[in-house]
Amino acid sequence: MQLSDRIQAFVQLGNWLSSESGKQEQQEWAEIAYRKNGWFIPELVVKSLQELAQHFLTLDHLTAWADRYPALAQERSPRKVGLILAGNIPAVGFHDILCVLIAGHHAYLKPSSQDEILIRALLKKLVEFEPRLANYLTYTELMKEIDAIIATGSDNSARHFHYYFAHKPHLIRKNRTSVAVLSGNETSEELLGLGRDILTYYGLGCRNVSKVYVPNEYDFTPFFEAIASLETVSNNHKYVHNYDYNRSIYLVNRVPFLDNGFLSVTASDTLVSPISVLFYERYGTLGEVEAKLAEQSEKIQCVVGTTIPASIPFGQTQSPELWDYADGVDTLQFLIELP
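Residue numbers (my numbering): 48 to 386.
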């Protein structure tokens, strides 16, 4: 298959996802996915699929992405690339599959049990548009015949992946999270965007903000006022269970915290907060923050705000572009360079 054929197949998938008939079928997928995973409420499943359609699967996006890699147009022998996919948010593993197929390789897939419904549904629809891609997709529980591996998991599973796949070309991803740096001069709109960065997908993704750095005299009242409309997270009993549990732990242990009825905010020098909790750390100068971010760079996926270079704008963490690679490692370049 030519690169143009592969791109066109994904464009067709994107067009279908954006169509009325496509949206109706996605709603059916969403209901099934929700029955399998209580975190995947239908509204969020549809949101994630529309993000794919708008930010990944358009001709303009795919062409601009591919143009960054002149070597993509060259013929190469397909390699068998194992993909051990994450399942923390809907269709999160799709980008890795897209990279493998665009590079002309054969994807050996092990979807997460938490997200198998959506991955299989998307790829089944893709093959309807381009039947030849069926020859480049294999589902497997074992990774015995692969030439390379891309695996995403916890810090613990990453150690096992490194051990088992050390002799093969590999990308092994560990736990990461995202942080925000506030100046204290944010608008209500920016604070609402931050709220979405924290709470979309209930904070389960590596691009969700789990900690904010705030000036020494920062007052959280404007933040709580700005995010009041996000209280709908409380409609999910799994989220409420986490909220009630974490709040009770803080009360029993006399840990100081702020609270607005659906999000608890407490001071911590660590990065990863529990579900329904936002950590904060106060700072005196931005230089202090930059030093701490540099020390923990391998644990941070995104930095949100307006004061730190290369930060992502408020409210944009869950709308990555094709070239916003996990862990900052160029997945497509890795695949192009496989021996």
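The beta carbon of each residue, even a glycine, is placed where N, CA and C say it ideally should be. Here the structure is a predicted model, which means the values were calculated and not measured.
Bridge-paired residues (DSSP) for residue i
i: Tyr186; result: Leu156
i: Phe57; result: Paired residue(s): none; Phe57 is not in a bridge.
i: Tyr260; result: Val228, Glu328
i: Ile274; result: Beta-bridge pairing links Ile274 to no other residue.
Of the residues the options, the one placed nearest residue i, counting alpha carbons only
i: Pro137; options: Leu156, Asp377, Tyr116, Ser160; result: Ser160
i: Lys221; options: His207, Leu229, Ala227; result: His207
i: Asp244; options: Val261, Thr234, Val226, Tyr260; result: Val226
i: Asn135; options: Ala113, Val92, Thr354; result: Val92
i: Phe326; options: Val256, Thr378, Phe87, Glu122; result: Val256
i: Lys127; options: Phe270, Tyr186, Ala341, Val299; result: Tyr186
i: Arg301; options: Thr313, Lys94, Gly308; result: Thr313
i: Phe21; options: Glu163, Phe270, Phe304; result: The requested residue 21 does not occur in the structure, where the chain is confined to residues 48 to 386.
i: Pro89; options: Leu180, Asn283, Leu218; result: Asn283
i: Leu277; options: Val228, Leu246, Ala357; result: Leu246
i: Asn203; options: Glu188, Arg223, Pro216, Glu192; result: Arg223
i: Ala273; options: Ile54, Tyr290, Thr234; result: Thr234
i: Lys285; options: Pro321, Val174, Tyr116; result: Pro321
i: Ile359; options: Gln380, Ala338, Leu241; result: Leu241
Rounded C-alpha distance that separates residue i from residue j
i: Asn232; j: Phe267; result: 12 Å
i: Glu177; j: Tyr183; result: 11 Å
i: Val287; j: Leu318; result: 22 Å
i: Glu368; j: Cys349; result: 13 Å
i: Gly352; j: Tyr297; result: 28 Å
i: Ala56; j: Thr110; result: 13 Å
i: His152; j: Pro125; result: 4 Å
i: Val376; j: Val299; result: 42 Å
i: Glu78; j: Gly334; result: 47 Å
i: Leu119; j: Gly69; result: 30 Å
i: Leu64; j: Arg329; result: 43 Å
i: Leu310; j: Pro262; result: 20 Å
i: Leu382; j: Val147; result: 7 Å
i: Ala205; j: Lys215; result: 15 Å
i: Glu345; j: Arg254; result: 14 Å
i: Pro303; j: Asn293; result: 12 Å
i: Ile164; j: Lys171; result: 11 Å
Which of helix, strand or coil DSSP assigns to residue i
i: Asp371; result: coil
i: His217; result: strand
i: Ala168; result: helix
i: Ala77; result: helix
i: Lys191; result: coil
i: Ala100; result: helix
i: Leu130; result: strand
i: Ile196; result: strand
i: Tyr265; result: coil
i: Asn282; result: helix
i: Cys146; result: helix
i: Gly242; result: helix
i: Trp86; result: coil
i: Ala138; result: coil
i: Asn222; result: coil
Below-8 Å beta-carbon distance, residue i vs any chain C residue
i: Asn282; result: In summary, chain C is missing from the structure at hand, where a single protein chain is found.
If you scan the stretch 289-363 from start to end, which runs of the alpha helix (DSSP H) of 4 or more residues do you find wholly inside it?
-> 333-342
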